[in-house]
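Chemist:
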Amino acid sequence: MDGILWRQYEGNHSLHIQIWRDQGYADWLAEETGFDCVEVKKAKIEDVKQYDAVLLGGGVYASGIAGLSFLRKHMDQLQGKKVIVFCDGMSPYEDAAIRLIVDRNMKDALADVPCFYCRGAWNMDALSFFDKSLCRMLRKAVAKKKPEDYEPLEKALMEAGDSNCDWTDKAYLAPVLEALAPCLSPKKQ
Ligand SMILES: Cc1cc2nc3c(=O)[nH]c(=O)nc-3n(C[C@H](O)[C@H](O)[C@H](O)COP(=O)(O)O)c2cc1C
């Protein structure tokens, strides 16, 4: 689900915004930070740029981070702000998988933006008949490889099989919270 949430702290002129697509991690981050969320597709840069900290989260689809185009488009208007990206995908939490996603997405204007990976979920039931069939074909092809040669995403697809999986864990947010620490009000640190 796409989303953004924002909020102004009482008695604190520092403003923060969290833009998200993934509800689970966004809800947890909102709880931990006090930031409000707004859907990416409803975000207006005129509003977002009033904030000191901008946090964008999105699922990983075909190695791309959903919602990132908003930042790519408006990064020039967010200079001097704390901008952080977090994403969630089904790939295992491994350096190779994370490196692939960061290299593919955090380029040009986004090259200096910290990007954190959280392991997400896999909802096989939500896939169309066509996508389910594609997944099964892909699994058949991957099964011909040695497990040690699987790409990170292939490893996750083989692990999931035909089941739904939920690998979400609040612990993945620890580095995100650490990076945000200077922006958090004392009671949230
Ligand atoms: C069509 C499709 C493509 C996907 N591509 C990737 C991928 O390239 N890498 C990955 O780690 N996960 C991939 N996933 C898994 C999603 O990233 C995972 O389900 C994630 O938790 C979705 O997050 P969201 O609910 O916040 O959008 C894909 C899922 C679908 C349905």
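Following the working numbering, the numbering of the sequence shown begins with 27 at its first residue and continues without gaps.
Glycine included, each C-beta is placed from N, C-alpha and C at the ideal position.
1) Per DSSP, what kind of secondary structure is D62 in: helix, strand or coil?
2) Report the option in V202, Y198, M163 and A197 whose CA atom is closest to the CA atom of M184.
3) Are there any heavy atoms of ligand 1 lying less than 8 Å away from the beta-carbon of V109, as far as the coordinates show?
4) Rounding to the nearest angstrom, what Cα-Cα distance links E204 and E177 in this structure?
5) Just verifying my parser: in three-state terms, what is the DSSP assignment at W148?
6) So, is N190 buried or exposed, given that buried needs 16 or more other C-beta atoms within 10 angstroms?
7) Assuming contact is defined by CB atoms lying nearer than 9 Å, are M116 and R98 in contact in what I supplied?
8) Compare the Cα-Cα distances from K68 to each of G93, K172, K196 and A152 and report the closest residue.
Modeler: The answer reads as follows:
1) Looking at D62 - three-state DSSP - the assignment turns out to be coil, as it is neither helix nor strand.
2) From the listed residues V202, Y198, M163 and A197, the smallest Cα separation to M184 is found for M163.
3) No, ligand 1 has no heavy atom inside 8 Å of this Cβ.
4) Whole-angstrom Cα-Cα distance: 29 Å.
5) Note: W148 maps to strand in three-state DSSP.
6) Burial is judged here by how many other beta carbons sit within 10 angstroms of a residue's own beta carbon; N190 has fewer than 16 and is exposed.
7) Cβ distance not < 9 Å, so M116 and R98 don't count as in contact.
8) Of the listed residues, the one whose Cα sits closest to K68 is G93.
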